[in-house]
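Residue numbers 122 to 924, in my numbering, belong to the letters of the sequence shown in order.
Structure record follows, encoded as structure tokens.
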Amino acid sequence: MLWAMHLKSHKSFSLADCKHLLEDCLQSKSVFQGKTVHQHLIKNHIPHGDDDHFNQTIEKLTLFYLACNKVEYARRVFDRSPRKPKKVVIWNLLIKGYAWNGPFGEAINFYYKTLELGIQPSKFTFPIVLKACSALQAIETGKDIHVHAKRLRLDSDVYVSTALVDMYAKCGCLDDAETVFNEMPHRDVVAWNSMISGFSLHGVYYHDTIRLLVRMQNDFISPNSSTIAAVLPAVAQANALSHGKAMHGFCARRAYIDDIIVATGLLDMYGKCQYMDYARRIFDKVSIVKNEVTWSAMLGAYVICDFMREALEFFLEMMRLKDFTLFPTPVTLATVLRACAKLTDSSIGRCIHCYAIKSGFVSDLMLGNTLLSTYAKCGVVIDAKQFFYEMDLKDSVSYSAIISGCVQNGHAKEALRLFHKMQLSGLYPELATMLGVLPACAHLAAIQHGSCSHCYAIVHGLTTEITICNALIDMYAKCGRIDTARRVFDTMHKRDIVSWNAIIIAYGIHGLGMEALLLFDNMLVECLEPDDVTFICLLSACSHSGLVTEGKHWFNAMRQDFGITPRMEHYICMADLLSRAGKFEEVCNFIEKMPFEPDVHIWSALLAACRVHRNVELGEEVSKKIQKLGHGSTGNFVLLSNMYSTVGRWDDAAQIRILQREQGFKKSPGCSWIEIGGVVHAFFGGDRSHPHSPQINNKIDELLVEMRRLGYHGEASYVLQDVEDEEKEHILLYHSEKLAIAFGLLNLSPNKPILVTKNLRVCGDCHTAIKLISLITKRNITVRDASRFHHFKDGICNCGDFW
122 MLWAMHLKSH KSFSLADCKH LLEDCLQSKS VFQGKTVHQH LIKNHIPHGD
172 DDHFNQTIEK LTLFYLACNK VEYARRVFDR SPRKPKKVVI WNLLIKGYAW
222 NGPFGEAINF YYKTLELGIQ PSKFTFPIVL KACSALQAIE TGKDIHVHAK
272 RLRLDSDVYV STALVDMYAK CGCLDDAETV FNEMPHRDVV AWNSMISGFS
322 LHGVYYHDTI RLLVRMQNDF ISPNSSTIAA VLPAVAQANA LSHGKAMHGF
372 CARRAYIDDI IVATGLLDMY GKCQYMDYAR RIFDKVSIVK NEVTWSAMLG
422 AYVICDFMRE ALEFFLEMMR LKDFTLFPTP VTLATVLRAC AKLTDSSIGR
472 CIHCYAIKSG FVSDLMLGNT LLSTYAKCGV VIDAKQFFYE MDLKDSVSYS
522 AIISGCVQNG HAKEALRLFH KMQLSGLYPE LATMLGVLPA CAHLAAIQHG
572 SCSHCYAIVH GLTTEITICN ALIDMYAKCG RIDTARRVFD TMHKRDIVSW
622 NAIIIAYGIH GLGMEALLLF DNMLVECLEP DDVTFICLLS ACSHSGLVTE
672 GKHWFNAMRQ DFGITPRMEH YICMADLLSR AGKFEEVCNF IEKMPFEPDV
722 HIWSALLAAC RVHRNVELGE EVSKKIQKLG HGSTGNFVLL SNMYSTVGRW
772 DDAAQIRILQ REQGFKKSPG CSWIEIGGVV HAFFGGDRSH PHSPQINNKI
822 DELLVEMRRL GYHGEASYVL QDVEDEEKEH ILLYHSEKLA IAFGLLNLSP
872 NKPILVTKNL RVCGDCHTAI KLISLITKRN ITVRDASRFH HFKDGICNCG
922 DFW
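Structural data, given as structure tokens:
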């Protein structure tokens, strides 16, 4: 300190003195003293262009800053130096500073500057710059540097060769890595570890990783703790528990278990292999200080093993520790958020959000995407959208998360809007994004958007993915294009059970039960085993088509021939099938003999049939059973109220609606929508808010005249209010599906079919009216309601009035 003060007060210190002082600073690593010397040089000795003493002093100052890990200070001195140093060691240190700390591109830039200045790289240059290539996945640059090393005959040096193996492996060029590795004249444990970790990094090469480990030992090189730490992630991903246990034993014998990295790798492996007790035991026995990675690995094990509550408790235990060196990382917080999402616990998710803001982690893209996904999965779409728009940096994962969240929470229209925003932002939708967009198109029956998405998938090679084709089958089926759905199915190169289930349920909801059964037979011919979902699809198809005999056969066969025990969903399908067919005695016996207590869905299926078949007495009994279980949804109140209205028991219907309000259930308003020119138009019952309402109403009035000539009169039983018959007809006339169909007639060319989607079941009056409209207008009209598709043509519906 005294000499520094003396330096400040005297101008007589020579460059040689400064150089010696900087050597002292190098020994002590004192940044303050080095800066003092730097200040003296600036005040008294700059510029001194070609002075050798001055340039040597500048080199020493650069070395000093690099030794103190002050890369930017060194860079400033270096850039302002009148004559660039020719010593390769200084260039190596500059490259190293950026290769270790970033920005990695600067390390590569400095490497090429050495070549421009005629400075020959040493064997120490290549490992450093290749590390920067690995970090940037800059494989072409790495190959160029490999050529340079060959020219200098340094590629056979063990350090350079090992760095090349590491670079190729981390960039995914495993064949190139193995070629370099096999050509090495001498391989030490570091070279073997680079090769093994490269294969382990890409989890699909598990067997190759183990092969290399065996080959290493056959080459009389003993694995060290770094080898084990490199292999364990591959073992974990392959769920190779027996190999993992063998490595655990090896580590115990060699005392590698005391290495925090090895211990963390072991507990991570046990967690991913679903051995939670072993993972926790290792965590508790770690004698050395646990770091953030160890805590995160243990937390991740809880989440992987589906111990979500325990994961949150463990995180709180971590936060309560009075260890000020231990702070949650973005990875830790993202793991906790996954537990919150699984538990749909948005309150803890918000706490994590607050902590991320305070700690400055909220700008971390990976954490931000996880937080976005958590809000979406917890159903708080408003918070998800708000956070999405607040994010400074967004990638395709961000868009995928918000699009999927919107779809899952009934905001399909918003999902499509965000998808278009993504495209305008210059980001290219990936597989995950398209798997979010296609269900949005399906929900809205937005065929134009769906077809465009299909084209995008074809152009970008995504239709080779089974998941995309499965989503396309579902989308086309729900957009009323069962023929296109079938074409997608038929042209798939490979199908899984989900593909078959998707096409079977597609035929089912379109009322094509026999075709669904034929597809099931084809599946069996191809020797593909059906699962329990297949039988839900099959029984549902039988129910929609009134195939009682076939449904009963396959319900019995699923247990006898396929060893699948029916669960509640299968019994619901059967109850629905028998109830729709009006077989009330049989369905009551069936429910009575069920191996478990019937739930509200079973009774709801029977209540719906009582409404259709006007069996008020049984309907009242069923309603009492539903009340004991809890109505579950508004639908059961509506069914019972409708049933009373059908037989003119208006007081009873009114009492049901009063009870509905008292219990906090609100009837969902009927809503129908239609896509015209890529724009989705929505209509509510009696809605006059649409800009074309006057024209729509005029069209309905025109149709009413023609419908009356064909014998139409409003079916008053479908009006829940006790009002005059004339007013009932007026209410029926402006049901949402009629409004949507009238709008379609006004805006679609005569040769185009009309597809309307409704959020509730189509009522009997609308069903009758639409049959007549299809006859009058000679148009094919399809209505997708909450239950199935109705295809109207020439005054007939393909459901056969059975729905």
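Where a beta carbon is used, it is the ideal one built from N, C-alpha and C, also for glycine.
Please report how far the alpha carbon of residue i lies from the alpha carbon of residue j, in whole angstroms.
i	j	result
His-834	His-856	15 angstroms
Arg-608	Thr-585	15 angstroms
Phe-923	Ile-902	17 angstroms
Val-407	Met-368	17 angstroms
Leu-238	Ser-517	42 angstroms
His-813	Arg-732	36 angstroms
Ile-894	Gly-916	7 angstroms
Thr-655	Leu-699	20 angstroms
Asn-230	Pro-224	10 angstroms
Val-801	Ala-567	7 angstroms
Glu-193	Tyr-549	36 angstroms
Val-424	Pro-306	46 angstroms
Asp-265	Ser-620	46 angstroms
Phe-448	Ala-284	33 angstroms
Ala-678	Asp-617	22 angstroms
Gly-807	Cys-573	33 angstroms
Ser-318	Lys-291	9 angstroms
Lys-714	Leu-668	22 angstroms
Met-397	Glu-438	18 angstroms
Phe-927	Ser-417	Shown here, the chain extends from 122 to 924; a query on residue 927 therefore has no answer.
Ser-870	Phe-864	12 angstroms
Lys-879	Ala-623	21 angstroms
Could you name the residues that DSSP lists as bridge partners for residue i?
i	result
Lys-927	Because residue 927 is not part of the residues shown, which for the chain are 122 to 924, the question remains open.
Arg-538	Paired residue(s): none; Arg-538 is not in a bridge.
Val-904	Val-877, His-911
Cys-394	Beta-bridge pairing links Cys-394 to no other residue.
Ala-505	None; Ala-505 has no bridge partner.
Ala-803	Trp-794
Cys-600	Looking at the DSSP assignment, Cys-600 forms no beta bridge with any residue, so it has no partner.
Cys-918	Phe-913
Given a cut-off of 7 angstroms on the beta-carbon distance, is the pair residue i and residue j in contact?
i	j	result
Ile-875	Arg-900	yes
Phe-320	Asp-329	yes
Leu-187	Leu-214	yes
Met-316	Leu-333	yes
Leu-565	Ala-533	yes
Arg-882	Ala-907	yes
Ala-536	Val-528	yes
Ile-657	Glu-636	no
Pro-206	Glu-227	no
Cys-648	Met-596	no
Ile-589	Ala-578	yes
Cys-372	Ile-342	no
Asp-389	Ala-357	yes
Leu-640	Ile-625	yes
Thr-495	Gly-470	yes
Leu-514	Leu-488	no
Leu-925	Ala-505	Because residue 925 is not part of the residues shown, which for the chain are 122 to 924, the question remains open.
Asn-530	Val-558	no
Val-281	Phe-302	no
Ala-592	Leu-556	yes
Leu-458	Ile-473	yes
Does any residue of chain D bring its CB to less than 7 angstroms from the CB of residue i?
i	result
Cys-461	No chain D appears in this structure, which consists of one protein chain only.
Quick one: measure Cβ to Cβ for residue i and residue j, integer angstroms, because I've assumed they're closer than 8 angstroms.
i	j	result
Tyr-520	Thr-554	6 angstroms
Ser-346	Val-286	No, Ser-346 and Val-286 are not in contact; Cβ-Cβ is about 20 angstroms, not under 8 angstroms.
Ile-260	Val-209	With a Cβ gap of about 25 angstroms, Ile-260 and Val-209 do not count as contacting.
Ile-935	Val-250	Outside the displayed range of the chain (122 to 924) lies residue 935, so it cannot be described from this structure.
Ile-693	Asp-653	Contact flag wrong, Cβ pair sits at about 13 angstroms.
Ala-696	Leu-727	6 angstroms
Ile-897	Leu-854	Actually they do not touch by this definition, with Cβ atoms about 15 angstroms apart.
Trp-724	Val-737	Wrong, their Cβ atoms sit about 15 angstroms apart, outside the cutoff.
Could you tell me whether the segment 630-643 touches the segment 882-892, using the rule of 3 or more Cβ pairs below 8 angstroms? Judged by Cβ distances under 8 angstroms, the segment 630-643 makes no contact with the segment 882-892, as fewer than three pairs qualify.
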